[in-house]
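These notes are about the structure you will find just below.
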Amino acid sequence: MSDRTYDYVIVGGGTAGSVIASRLTEDPAVTVAVIEGGPSDVDRPDVLTLRRWMGLLGGDLDYDYPTTEQPRGNSHIRHSRARVLGGCSSHNTLIAFKPLPSDWAEWAAMGADGWDAASMDPYFGKLLNNIVPVDEKDRNAIARDFVDAAQEALGVPKVEGFNRKPFHEGVGFFDLAYHPEDNKRSSASVAYLHPYLDRPNLHLLLETWAYRLEFDGVRATGVRARAADGEELVVRASREVVVCAGAVDTPRLLLHSGIGPREQLAGLGIDVRHDLPGVGENLLDHPESVIVWETRGPIPENSAMDSDAGLFVRRDPESAGPDLMFHFYQVPFTDNPERLGYERPAHGVSMTPNIPKPRSRGRLYLTSADPEAKPALDFRYFTDEDDHDARTLVDGIRIARRIAAAEPLASWLGREVCPGPDVTGDEELSEYARKAAHTVYHPAGTCRIGAEDDAMAVVAPDLTIRGLEGIRIADASVFPTIPAVNPMIAVLMVGEKCADLLAPAGDPKEAA
Ligand SMILES: Cc1cc2nc3c(=O)[nH]c(=O)nc-3n(C[C@H](O)[C@H](O)[C@H](O)COP(=O)(O)OP(=O)(O)OC[C@H]3O[C@@H](n4cnc5c(N)ncnc54)[C@H](O)[C@@H]3O)c2cc1C
């Protein structure tokens, strides 16, 4: 049994964890251990080349979590979660959106004091990632024509640089965190860790799995972990433990450490250390459906990552932000429709209506006291009372058809493959959209921030776990609500803010 002590122990060298490890070790007097379940991404073109992202899904570097039976949705959805330094930012498509002011306002309204847009804006400016619009050479002709057709059909503005100012609607090429010259990722690990790997105070414990948090009374003292060779480790924190294992593995680790809803833990024979009913609740995601067209011939090859442009629509003028989003894929994305009997065309494109503010709320829970058993993820897709989520997808399919009928996109398209032009009624469109739904891998919210009187909050606005000491959470699990836009930048900003919160009071650097 190895027993080591550092000032800070970070569980998870993923998106937020990389930011925090990097910022804390700027001070050479501070020692930091990062316990990361996966290997390094250094010298791994399969990971570092953005356009190879699809090859990582379901592979060796994916924890690959199933969902529970979804009576109103697609029960076959698998949730990719990356097992590699940089976490999901080493695995994702790196679409980079600063959250909208209305996203932060929702957090503040839910008791996240200090997380309003004005307080959070400076953290976007601090990000070290190379965030740039999709490069001209990567702009595929059919994606350009999608942008023009959407503008023509819907009258939405064409946006060049979505992060320049807040928007309610618009169509254009995304900003990405990448290096266009060689398509290299500008992931959290590339931007925050690779330049600093030689810092003597930064200790990366790779391929090491944290399976229990250690406490002395209510104070967290460290983490129990197992290395790839089976060696057992106790990694102690003289200052704080920071859990950054992501929206699935953070609540999972807490639950296995006896922190969570008493009934669930007791029912599985796990000693209850701290009854915290919100752990694993409020499971959020951005589900989307898909409409696929066969194209009249092959599409040009150039692209940054095969889904380089998108569209935001505000159907309800009262909505604080966009209420329907689309990714445009330069590939026929038929994985789920094929299960329903559709065939993949040789050449094709997809539009994917996505729900920016889903109202359905899910839940993550354990089914076994064995830390190796995967937790159950019940997203409860399309279960909201007024059917807002399914209706958004139905509207989305109809809007997608209007865009497809508009030039200059229309002349590229041969036939609608799925759901197919004969599927037109509300009921049948809803049935198709829900059963063919997939995820864009944005689980969040399972250890949410909230005010002191909010019984379901897991962390306080300073990210400390309620009722415990010496331990914080910083990753997508702390989101009270999901931003209308893709969440990675919000996670990086959570990391930056956490690093600020950890700066010890009276730090001479701060006083200077
Ligand atoms: C395929 C895919 C595409 C996506 N596309 C986009 C996109 O284009 N834009 C966008 O904004 N968002 C996108 N996302 C979502 C975004 O990447 C995530 O929301 C974000 O990266 C989550 O960051 P995190 O810090 O919460 O968790 P992660 O980045 O997942 O970090 C968690 C880390 O903890 C480690 N870990 C977990 N448990 C343990 C343990 N017990 N012991 C040790 N280590 C552990 C993991 O190995 C991982 O490195 C995508 C996600 C995926 C998977």
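Residue numbers (UniProt numbering): 1 to 512.
Quick reminder that beta carbons are idealized off the backbone N, C-alpha and C, glycines included.
What you are looking at is a predicted structure, and each value in this text was computed from that prediction instead of being measured.
Here the alpha carbons of A444 and R273 stand approximately 24 Å from one another. The Cβ atoms of H286 and N336 do not sit closer than 8 Å to each other. Within the region 9-76, the runs of beta strand (DSSP E) that reach at least 3 residues and sit entirely inside it are, in chain order, 32-35.
Closer than 7 Å to some heavy atom of ligand 1: that does not describe the Cβ of R361. 8 Å or more divides the Cβ of L311 from the Cβ of P358.
The three-state secondary structure of Y178, taken from DSSP, is strand. Taking every protein chain shown into account, the CB of L197 has fewer than 16 other CB atoms within 10 angstroms, so this residue is exposed. Look at the beta carbons and you see the region 458-465 not touching the region 405-417: under three pairs across the two are nearer than 8 Å.
Exclusion of the five residues before and after M493 leaves M120, Y123 and F124 as the residues of its chain whose Cβ lies within less than 7 Å of its Cβ. Taking a cut-off of 8 Å for Cβ pairs, the region 127-147 and the region 180-194 touch, as three or more such pairs fall below it. Across the set R363, A433, D395 and Y192, the C-alpha of A433 shows the shortest separation from the C-alpha of G73.
In terms of side-chain proximity, the C-beta atom of I35 is found nearer than 7 Å to a non-hydrogen atom of ligand 1. Of all alpha-carbon atoms in E106, Y192 and S90, the one lying nearest the alpha-carbon of E26 is that of Y192.
When the beta-carbon positions are compared, S289 and G396 come within less than 8 Å of each other. Non-local beta-carbon contacts of H91 in its own chain, meaning distances under 6 Å to residues more than five positions away in sequence, involve L56 and A82 in chain order.
In the structure shown, the three-state DSSP call for C418 is strand. Cα atoms of V331 and T424: separation of roughly 24 Å, rounded to the nearest angstrom. Excluding five sequence positions before and after R219, the CB atoms of its chain that fall closer than 6 Å to its own CB belong to E469 and G470, given in chain order. F97 carries a coil assignment under DSSP once its states are collapsed to helix, strand and coil. G450 places its beta carbon less than 8 Å from that of P480. Rounded to the nearest angstrom, the gap between the Cα atoms of S350 and D323 is 20 Å.
For the pair H438 and Y211, the Cα-to-Cα distance works out to about 30 Å.
Note on geometry: alpha-carbon atoms of V9 and E240 lie some 7 Å from one another.
Looking only at E36, E69 and D426, the smallest Cα-Cα distance to C88 is reached by E36.
Excluding the 5 residues flanking it on each side, G172 has same chain C-beta neighbours closer than 7 Å at V147, K158, V159, E160, F162 and A309, in chain order. Beta-bridge annotation (DSSP): K158 is paired with V171. Here M325 is buried. Its C-beta has 16 or more other C-beta atoms within 10 Å. Excluding its 5 nearest sequence neighbours in each direction, L377 has C-beta neighbours in its own chain below 6 Å: Y65, T67 and L364, listed in chain order.
In the three-state DSSP reduction, K435 falls in the helix class (H, G or I). Taking the Cα positions, T392 is about 16 Å away from P419. A228 and W209 have their C-alpha atoms spaced approximately 8 Å apart. Using a cutoff of 7 Å, the CB of T25 does not count as near ligand 1, since none of the ligand's heavy atoms is closer than that. Not a single heavy atom of ligand 1 lies less than 7 Å from the C-beta of D103. The continuous beta strand (DSSP E) containing R219 extends over residues R219 to A227. Contact annotation: L85 and L206 have beta-carbon atoms nearer than 8 Å. With 16 or more other CB atoms across the displayed protein chains lying within 10 angstroms of its CB, T446 is buried.
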